[in-house]
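Residue numbers (the numbering used here): 160 to 890.
See below for the structure under consideration.
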């Protein structure tokens, strides 16, 4: 800039008479004060220049150190990501011996809804072209025969669409250049056939599918380290988070056991979203640059998983009280709300107008929050004190969200769609019916185990997080009391700790969810690990750092954590297994060789997913139980395990166009806990038939005349559903 100025002055010189006279040493009298003033300014600049240059030199010297520090941090993050990827692949391989399974066995190992999701990936890669495969899954007649459904819209299949596209590109390029991408060999095993072909490498569809999932979750660990480092202001804090995650790995994730589940794709993007939100909360200005990354992270989190909206609702519920008290400026909070609204509208469009996005508690809370912010001044006139102002906004937010949710659900006609909030309400109110019991009787939907807090205690994760939460809570109470006592408390002081308050409130929300539904530990445990990083925060424990070598205390805590933590890791690595399910393999082979390709099957949701995946036969029910029509179909199918008459059940199955029913003897007696056997569930649902004998037991003895047993082994029986004319011909 200085050179530019000199050039401008030099160019102006010849055109200025006064300048030419000054150069001759004969300045005019009226110009002399200006010249003296200019000299004084130049002298002042000359005195400041050495200091400025010295500061620039210091910054120049510090820049390589900063780059080195950042480079070291990114390198450490990459190393931790690779370490987690290796950990996941090792656990998965140890559990199933996946590398030595045949294609059919690998497909059977994806049980329940995992098999359903993988079946669409299989359709996409086996279709003549990607677009034809996409058209097939968007106009699917196999999953809920004879209905035609858009499975991308219904089952959130964007991960499978993206992975199938990548796989087709990958195999296309490698085939073009003749690069080998998989190795195949014969594996000797027990059963018939005694030898099966097994392939390993990214060229194998199942290996590619699972491999990408594990790579994504390896990247999640790298991001978790960066996130915790930023929150705590210390790379040691990031390392503590990663170590806590590894030490409590069995409580933090189940991706190594169930890779295709929606959470495996969605959760890494929640970590990214919360990291970006933390930066927004901490940044006092210029936070608009995070808008696009925040929206994209939101979309990437919501698209793969229908329950993501409820998690984001808890996020809004955590941010709103912070806005009310003053931890977030109204303009910043309004910006966050707008970004969330844009995200949900994008998801609504990308999911072909799926109404679930617009009738969720998440969307309703965003609308009510926007309304409260816009009417803030009018609401303030209704309050006589600061506390009343807070209470009016809080009560208005909760009541408004619930009312808006009910209105939008009624208007869009999706009030019969079961969601996570319905399950939580049923759990709290102890309401039970057939649908809620089908969810809550599953082990992953139980209340949190009593052993879980003890596991947290043994690794010291719970004590550390409780201590940190206590200090944040204590400071927050002090700030709130200050605001209430003065009415004009220094809000800037509150704003400095907003991200810590947010993480504490989010921790409380995740704790409630995990206590009510066991599988939601996958949100609680990682967030506890992130909170544990704050033990290294000099901003938080600055006084302790100044008084004595607090790093020694941190390393002491890590040492005690590692005693049980290393034992937990060793316990995971010692798990050894090998997947085998010969009865189901016999069933699949019988269906492939003895039934027409258009034969329609019904049975338990878990088995139907495998039948659809490995035989490509039409099915009438499947494990994705959220839709009301599907629940009604499943209820008819499961009436085989009730006390209804065989004729009534047969007629209802025929109305669904069912040709074959897969009966599982174990389900006649299946009971995960008291009140959860199929007979107990049906006695609650259908008390009028509670005195009748079990239909399942009767069919096991003799399926005639309404059914005919055409296949059976140790676990399964295939019953042909006889039509009326078949029934008459039997006599």
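Note that CB positions come from ideal geometry on N, CA and C, so glycine has one too.
Look up residue i in the DSSP assignment and give the residues it is bridged to.
i           : result
residue 879 : 819 and 867
residue 299 : 308
residue 692 : BP columns for residue 692 are empty, so no partner.
residue 344 : 357
residue 762 : 821
residue 778 : 760
Using a Cβ-Cβ cutoff of less than 6 Å, which residues in the same chain neighbour residue i once the five nearest sequence positions on both sides are dropped?
i           : result
residue 475 : 524
residue 693 : 391, 627 and 699
residue 133 : Residue 133 is absent from the model: the chain starts at 160 and stops at 890.
residue 367 : 326 and 361
residue 664 : 477
residue 689 : 387 and 400
residue 268 : 255 and 738
residue 766 : 821
residue 752 : none
Please work out which residues of its chain come closer than 8 Å, Cβ to Cβ, to residue i, disregarding the five sequence neighbours upstream and downstream, and give them in chain order.
i           : result
residue 882 : 813
residue 873 : 742
residue 880 : 809, 812, 813, 817, 818, 819, 820, 865 and 866
residue 505 : 454 and 458
residue 237 : 381
residue 471 : 457, 460, 461, 499 and 521
residue 783 : 272, 275, 313, 314 and 789
residue 870 : 746, 749, 753, 876 and 877
residue 342 : 358, 359 and 360
residue 826 : 763, 800, 837 and 855
residue 241 : 377
How long is the line joining the alpha carbons of residue i and residue j, rounded to whole angstroms?
i           : j           : result
residue 816 : residue 376 : 42 Å
residue 686 : residue 454 : 21 Å
residue 831 : residue 479 : 40 Å
residue 835 : residue 489 : 49 Å
residue 852 : residue 666 : 49 Å
residue 610 : residue 862 : 45 Å
residue 571 : residue 499 : 21 Å
residue 725 : residue 539 : 55 Å
residue 613 : residue 233 : 34 Å
residue 629 : residue 566 : 39 Å
residue 305 : residue 679 : 35 Å
residue 713 : residue 258 : 41 Å
residue 447 : residue 710 : 36 Å
residue 715 : residue 732 : 26 Å
residue 427 : residue 278 : 23 Å
residue 507 : residue 631 : 37 Å
residue 761 : residue 748 : 17 Å
residue 335 : residue 329 : 10 Å
residue 651 : residue 637 : Per-residue confidence for residue 651 stands at a pLDDT of 49, beneath the threshold of 50, marking its modelled position as unreliable; no derived number is given.
residue 608 : residue 600 : 14 Å
residue 188 : residue 450 : Because residue 188 carries a pLDDT of 42, less than 50, the predicted location of this residue cannot be relied on, and no value is offered for it.
residue 289 : residue 769 : 23 Å
residue 561 : residue 569 : 12 Å
Among residues of its own chain, excluding the 5 on either side of residue i, which ones have a beta-carbon nearer than 7 Å to its beta-carbon?
i           : result
residue 849 : 802 and 842
residue 254 : 416, 734 and 736
residue 888 : Here residue 888 scores only 47 on pLDDT, less than 50, and its place in the model should not be relied on; the value that follows carries that caveat. Hits under 7 Å: none found.
residue 563 : 523, 526 and 527
residue 643 : 545 and 546
residue 348 : 355
Can a CB atom of chain D be found closer than 7 Å to the CB of residue i?
i           : result
residue 423 : This model lacks chain D altogether, as it is built from one protein chain only.
How do the stretch 351–360 and the stretch 307–314 stand: do at least 3 beta-carbon pairs fall below 8 Å, yes or no? no
At least 3 beta-carbon pairs within less than 8 Å: the stretch 718–736 vs the stretch 609–624: yes
Do three or more CB pairs link the stretch 453–468 to the stretch 420–431 at distances below 8 Å? yes
At least three beta-carbon pairs within less than 8 Å, the stretch 659–675 to the stretch 360–374: no
Is the stretch 481–501 in contact with the stretch 433–441, if contact means three or more CB pairs nearer than 8 Å? yes
To test your reading of the DSSP string, which unbroken alpha helix (DSSP H) runs of 4 or more residues are found completely within the stretch 593–637? 593–599 and 610–617
Counting pairs of Cβ atoms below 8 Å between the stretch 288–305 and the stretch 317–335, do you hit three or more? yes
Segments assigned alpha helix (DSSP H), at least 4 residues, entirely inside the stretch 474–534: 489–509 and 520–533
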